[in-house]
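A.B. asks: Residue 262 in the working numbering sits at position 276 of the sequence shown; the count goes up by one each step and never skips.
Input: one structure, supplied below.
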Amino acid sequence: MKRAIILCCLCTLSLISCGSQNQSIETTTVVDTTIGETKPVIPVKDFGGETITIYARDDLKGNEWNVSDIDAEVETGEPINDAVYRRNSNIMDRYNIKLEIVRSGAMFSVDTVRNVVLSGDDIYDALMLAGYDMTALTQEKMLYNLLSLENINPYASYWNPTLSESLTLENKLYAAIGDISTIDNRAVRCLYFNKDLFDSYNLEYPYQSVLDGNWTYEDFFSLVAMGNADLDGNSVYDENDQYGLFVQSSLGMNLYYASGLSYINKSDEGLLVPEFTGEKAVEIMQDISDLIASNKSSIAWSDDFQKYMTLFSENKGLFYAEVLYFTEYFRQYDFNFGILPMPKYDENQENYQQFADGSCVNLCGIPITNNSPEDAALILEALSAESVELLTPAYYDVCLIGKQIRDDESRDMLDIIFNSYVVDYGNLLQLSVCYTLNNAMINGSNVASIVESQRSQTESLLNDYNELMTE
């Protein structure tokens, strides 16, 4: 779980090299009395100059989901790049390895990995690819169960233990993420608000409402309704006017996850079951549908983030619902903004919940063609632990840099967002129910009938996946 300060877990790891005997090594801890925190210490092994190759997502078209947090050739003065460079250098020196990052050149690369695995090639020691890719490879039994490997502990604090637990089925976990990457944090959905517009309307920033646990759908939509303004007076709303909310077409889905529910959850037996069919889920989705329908004129919809990013910076929108990566984009604009978690359904909801989808979030895993999986597991573990004091603080600094959001409240909001995000197997498996119900909510439809129409097919697909995981 990402935090500025992270406690370590104790674990026992075994070092296993190709052709060598097993060496069981117990991890220790070191207490830094300056900060009063316990730091993780990962076992060290001399790999004798071996190359460890990680195949990582990198879209050459310039999209944001790339290898900037795993690969850095030189120091440039950019915080994340330099943190990655120092982290990788430390690990290469400590373990006497060469770390090679192979860039995928595409947003999604499941076909490339599938072909490599089917051919039996041992060219990739580890993978860092989109959640969709890693879930597809899991379905095709092309990844090691991380819980069967002794040199990695996906439940340690320098991973994301909450996320690892949610992805574990039948004591099997094939992919995980944590401090080794910033992409998972960048992929989390959140809300931006335009401080300049809030000031012009004499509106109180919602920070305290969030901290008090009172930031709800009702509060959010009441503000959205206030953001509408026909600036040119022609009674036609377009990019020349002002809106309460700029958002992608996934608004219904994101608000539903913010209620603390998911489309698919785990049963007490640890298998996947539908959650969207429950009475509470249907009630919440119908309320979202009604709220969106009654605020339709205040909402501007588009998946063209470049367009809306510019309009938001020009004070044309009170709120903008997007991924957290936009904090870095916004530095190029001269305006003031704040960050908020998505609102709760109501005040009875205990915690906030944010959503990271499998298209944006990356996960790490080890392909079954790797003949020395414990070696790759150890290096992934070391990279993740080393990131706690290098990459994670650098990412906080990048998010908070500049006059726009340099305030204590923003750090509090980031902590809430980072520590409350979820992924959903329904989304990772790309089940059609997620998109069908999202469309129902954003179109103001009656949800109950659509839930029933999706029940049978979804249960059948989940049964197939459960059978795969119990084999």
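Ideal Cβ placement from N, Cα and C applies to all residues, glycine included.
Using CA coordinates, which residue listed in ASP320, LEU448 and CYS350 is at the minimum distance from TYR160?
C.D. replies: Out of ASP320, LEU448 and CYS350, CYS350 has the C-alpha closest to the C-alpha of TYR160.
A.B. asks: Measuring straight from C-alpha to C-alpha, what distance separates THR202 and TYR331?
C.D. replies: Taking the straight line joining both Cα atoms gives about 6 Å.
A.B. asks: Would you tell me roughly how many angstroms separate the C-alpha atoms of TYR319 and ASP44, rounded to the nearest one?
C.D. replies: For TYR319 and ASP44, the distance between alpha carbons rounds to 26 Å.
A.B. asks: Compute the distance between the beta-carbons of ILE285 and TYR81, then report whether it is under 8 Å.
C.D. replies: Not in contact: ILE285 and TYR81 (Cβ atoms no closer than 8 Å).
A.B. asks: Strictly by DSSP, which residues pair up with TRP201?
C.D. replies: TRP201 is not bridged to any residue.
A.B. asks: Could you pull the DSSP bridge partners for THR37 from this structure?
C.D. replies: Answer by DSSP bridge pairing, in chain order: LYS84.
A.B. asks: Go through its chain and collect everything with a Cβ distance to TYR306's Cβ below 7 Å, but skip five positions before and after it.
C.D. replies: If we look at TYR306 and ignore the five residues flanking it on each side, its Cβ neighbours are TYR178, PHE232, TYR294 and PHE298.
A.B. asks: Buried or exposed for THR444, going by 16 or more other Cβ atoms inside 10 Å?
C.D. replies: Its Cβ being crowded by 16 or more others within 10 Å, THR444 is buried.
A.B. asks: Taking Cβ to Cβ, would you say LEU400 is nearer than 8 Å to TYR382?
C.D. replies: For LEU400 and TYR382, yes; Cβs fall inside 8 Å.
A.B. asks: I'd like to confirm the pairing. Which residues does DSSP put opposite GLY324 in its beta bridges?
C.D. replies: Answer is PHE179.
A.B. asks: Taking only three categories from DSSP, how would you classify GLY412?
C.D. replies: GLY412 falls in the helix class under three-state DSSP.
A.B. asks: For ASP254, is the classification buried or exposed, using 16 other Cβ atoms within 10 angstroms of its Cβ as the cut-off for buried?
C.D. replies: That one is exposed.
A.B. asks: Quick check on the burial criterion: 16 or more other C-beta atoms within 10 angstroms. Buried or exposed for LYS266?
C.D. replies: LYS266 is exposed by the Cβ-count criterion.
A.B. asks: Tell me GLU308's beta-bridge partners as DSSP assigns them.
C.D. replies: GLU308 is bridged to CYS176.
A.B. asks: Apart from the five residues on each side of it in sequence, which residues of its chain come closer than 7 Å, Cβ to Cβ, to ILE274?
C.D. replies: Closer than 7 Å at the Cβ level, and outside the excluded window around ILE274, lie GLY238, LEU241, TYR242 and MET427.
A.B. asks: So ILE352 and ALA342 are in contact, right, with Cβ under 8 Å, and what is the actual spacing, rounded?
C.D. replies: ILE352 to ALA342, Cβ: 22 Å. No contact.
A.B. asks: Which runs of the alpha helix (DSSP H) spanning at least 4 residues fall entirely within the stretch 227 to 251, listed in chain order?
C.D. replies: Taking only runs of at least 4 residues, the alpha helix (DSSP H) segments lying wholly in the stretch 227 to 251 are 237 to 244.
A.B. asks: My parser needs the alpha helix (DSSP H) runs of 4 or more residues fully inside the stretch 328 to 410; what are they?
C.D. replies: Counting only runs of 4 or more, we get 359 to 372, 377 to 386 and 394 to 404.
A.B. asks: Between which two residues does the alpha helix (DSSP H) harbouring ALA112 extend?
C.D. replies: Careful: ALA112 lies outside any alpha helix (DSSP H), inside the beta strand (DSSP E) at 112 to 116.
A.B. asks: Name the two residues that bound the continuous beta strand (DSSP E) containing VAL259.
C.D. replies: VAL259 -> beta strand (DSSP E) spans 258 to 260.
A.B. asks: Apart from the five residues just before and just after ASN413, which ones in its own chain have a Cβ nearer than 6 Å to its Cβ?
C.D. replies: Correct list, in chain order: ASP343, GLY344 and CYS420.
A.B. asks: Looking at the structure shown, is PRO147 part of a helix, part of a strand, or coil, going by DSSP?
C.D. replies: Three-state result, PRO147: helix.
A.B. asks: Can you name the start and end residues of the beta strand (DSSP E) that ILE285 belongs to?
C.D. replies: Residues 285 to 287.
A.B. asks: To the nearest angstrom, how far is the alpha carbon of ASN429 from that of GLY246?
C.D. replies: Rounded to whole angstroms, ASN429 to GLY246 spans 22 Å at the Cα level.
A.B. asks: At what residues does the alpha helix (DSSP H) containing LYS293 begin and finish?
C.D. replies: From DSSP, the alpha helix (DSSP H) with LYS293 extends over 291 to 299.
A.B. asks: Where GLN340 and GLY34 are concerned, what is the direct C-alpha to C-alpha distance, given to the nearest angstrom?
C.D. replies: Approximately 43 Å between the Cα atoms of the pair.
A.B. asks: With 8 Å set as the bound, which would you pick, yes or no: does the beta-carbon of SER245 sit closer than that to a beta-carbon of chain D?
C.D. replies: The structure shown contains no chain D, having only a single protein chain.
A.B. asks: For the stretch 400 to 411 against the stretch 164 to 177, do three or more pairs of beta-carbon atoms, one drawn from each stretch, fall closer than 8 Å, so that the two count as touching?
C.D. replies: Contact holds: three or more Cβ-Cβ distances are below 8 Å.
A.B. asks: Give the single residue among ASP170, ILE138 and VAL102 whose Cα lies nearest to the Cα of VAL408.
C.D. replies: Out of ASP170, ILE138 and VAL102, ASP170 has the C-alpha closest to the C-alpha of VAL408.
A.B. asks: Identify which residue in VAL88, GLU126, GLU59 and SER90 has its Cα closest to the Cα of SER75.
C.D. replies: With distances taken between Cα atoms, SER75 lies closest to GLU59.
A.B. asks: For ASP218, which of ALA211, MET212 and ASN226 has the nearest alpha-carbon?
C.D. replies: Here the closest residue by C-alpha is ASN226.
A.B. asks: Using CA atoms only, rank isn't needed, just tell me which of MET328, PHE321, THR168 and LEU183 is closest to VAL347.
C.D. replies: Cα-wise, what sits closest to VAL347 is THR168.
A.B. asks: Where ALA92 and THR148 are concerned, what is the direct C-alpha to C-alpha distance, given to the nearest angstrom?
C.D. replies: Taking the straight line from one Cα to the other gives about 29 Å.
A.B. asks: Give me the Cα-Cα distance between THR422 and SER248, rounded to the nearest whole angstrom.
C.D. replies: In a straight line, the C-alpha of THR422 is about 14 Å away from that of SER248.
A.B. asks: So the candidates are GLU136, ASN131, GLY164 and TYR110; which of them puts its Cα closest to the Cα of THR378?
C.D. replies: That would be GLY164, whose Cα lies nearest to the Cα of THR378.
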